[in-house]
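Report on the structure given below.
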Amino acid sequence: MNIDLLGYRQNAGMGQVEVANALDISKMQVNLYEQAPDTVPMGLLVKWLQILGIDLATAMSAPIPPLKGIDPGTPYTELYRKLNLLNQYIGDTPPVDKLDIPTPPATPHDFQQQLKLYKQKPNVVLTGGFDAGKSHMANALLGSKNLPVGYQPATRVITFVRHIEDRPKWCKEDVLIVNEDFWLKDEKGKQIIDLLLLDDQERCEKYCVHAGSFDTLQKYGVHGEYEDIAAHAAVVYRTHLTSKKVQQAS
Ligand SMILES: Nc1nc2c(ncn2[C@@H]2O[C@H](COP(=O)(O)OP(=O)(O)OP(=O)(O)O)[C@@H](O)[C@H]2O)c(=O)[nH]1
Ligand SMILES: [Mg+2]
0 MNIDLLGYRQ NAGMGQVEVA NALDISKMQV NLYEQAPDTV PMGLLVKWLQ ILGIDLATAM
60 SAPIPPLKGI DPGTPYTELY RKLNLLNQYI GDTPPVDKLD IPTPPATPHD FQQQLKLYKQ
120 KPNVVLTGGF DAGKSHMANA LLGSKNLPVG YQPATRVITF VRHIEDRPKW CKEDVLIVNE
180 DFWLKDEKGK QIIDLLLLDD QERCEKYCVH AGSFDTLQKY GVHGEYEDIA AHAAVVYRTH
240 LTSKKVQQAS
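The sequence shown begins at 0 in numbering that gives the first Met the number 0 and counts up by one.
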């Protein structure tokens, strides 16, 4: 149960130590349980709410507090500054004469292409059986409720969540749903999930079956009413809630 133990404690004007002493647990446990209230054992929860002066039925019917999400900060700023500087330096370098040798050396242009690869961010993959909690976990990390969750098999598309700042300029929507022809195939007909294609305007436009706001994902990205739509993958652009930009975008 996602009961807002932290909010109730703050409203009661109590400190974590006070609650910990009353429950005979450590302050650290109080802190951990407040971050993940759904993991508090029922017996302890009942006692906890009594201490805070909250009725169990009231706590259970209260709206679930918004997910906080993580704030990754700006870990790439310095790297990008250096790569941009290097790129500028290469761009300003006078062209070199083409050498007539069997194996020509790499050109400044090759180096610039290589720099683009260094700008790629790592990808985190969440996999698991249906109902494993993949979408729930992604929402918790993002601090959002944009990805549909449910007690039956819910998500029916491979969902790529990308930062809003990585949205190509030609794309104006928060969600793109594409069909399975979007992906290229190898000689045996097996799909190649190439993430670079997500920036390919021509392919995105050609194989997009729906584009729009997050409602589009709730509608076509889940099993149910719209299952006859040939949706295969969804590209979702957003960022964490701590950013003002996202609050405007979502
Ligand atoms: N309280 C709580 N509920 C969870 C947690 N993880 C998953 N759930 C619930 O379990 C159900 C399934 O979670 P989903 O996130 O939809 O699971 P999924 O892995 O995305 O499942 P599919 O999309 O069907 O493949 C939902 O009702 C979630 O609210 C969790 O850590 N805590
Ligand atoms: Mg899911």
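Don't be surprised by glycine CBs; every beta carbon is placed ideally from N, CA and C.
Any non-hydrogen atom of ligand 2 closer than 8 Å to residue i Cβ
i	result
V124	no
K144	no
A153	yes
P147	yes
Cross-strand partners of residue i (DSSP beta bridge)
i	result
R161	Y236
A210	L175
L114	DSSP, once it has assigned bridges, lists no residue as partnering L114.
Ligand 1 heavy atom lying under 8 Å from the CB of residue i
i	result
H135	yes
I150	First, the residue type needs correcting, since residue 150 is Tyr and not Ile in the sequence shown. Y150: yes, Cβ under 8 Å from ligand 1.
F213	no
F129	yes
T37	Sequence check: residue 37 is Asp here, not Thr. Yes.
G132	yes
N1	yes
Nearest-angstrom Cα separation, counted from residue j out to residue i
i	j	result
Q217	L85	43 Å
G90	P104	17 Å
N178	L51	52 Å
L194	M59	42 Å
Y150	S134	11 Å
A233	L175	6 Å
Y7	G42	18 Å
D198	D180	16 Å
Q111	L82	9 Å
Q23	P152	Correcting the residue identity first, residue 23 is Asp in this sequence and not Gln. Approximately 40 Å between the Cα atoms of the pair.
A210	V95	46 Å
K26	L125	32 Å
Whether residue i touches residue j by CB criterion (9 Å)
i	j	result
P36	D70	no
H108	W182	no
L66	N10	no
E172	T238	no
A255	Q28	Given a span of 0 to 249 for the chain in the structure shown, any question on residue 255 remains unanswerable.
N-terminal and C-terminal residue of the alpha helix (DSSP H) that residue i is part of
i	result
G149	Run containing G149: none; DSSP gives neither H nor E here.
C203	200-206
V16	15-22
I89	76-91
Boundaries (first-last residue) of the beta strand (DSSP E) holding residue i
i	result
I176	174-177
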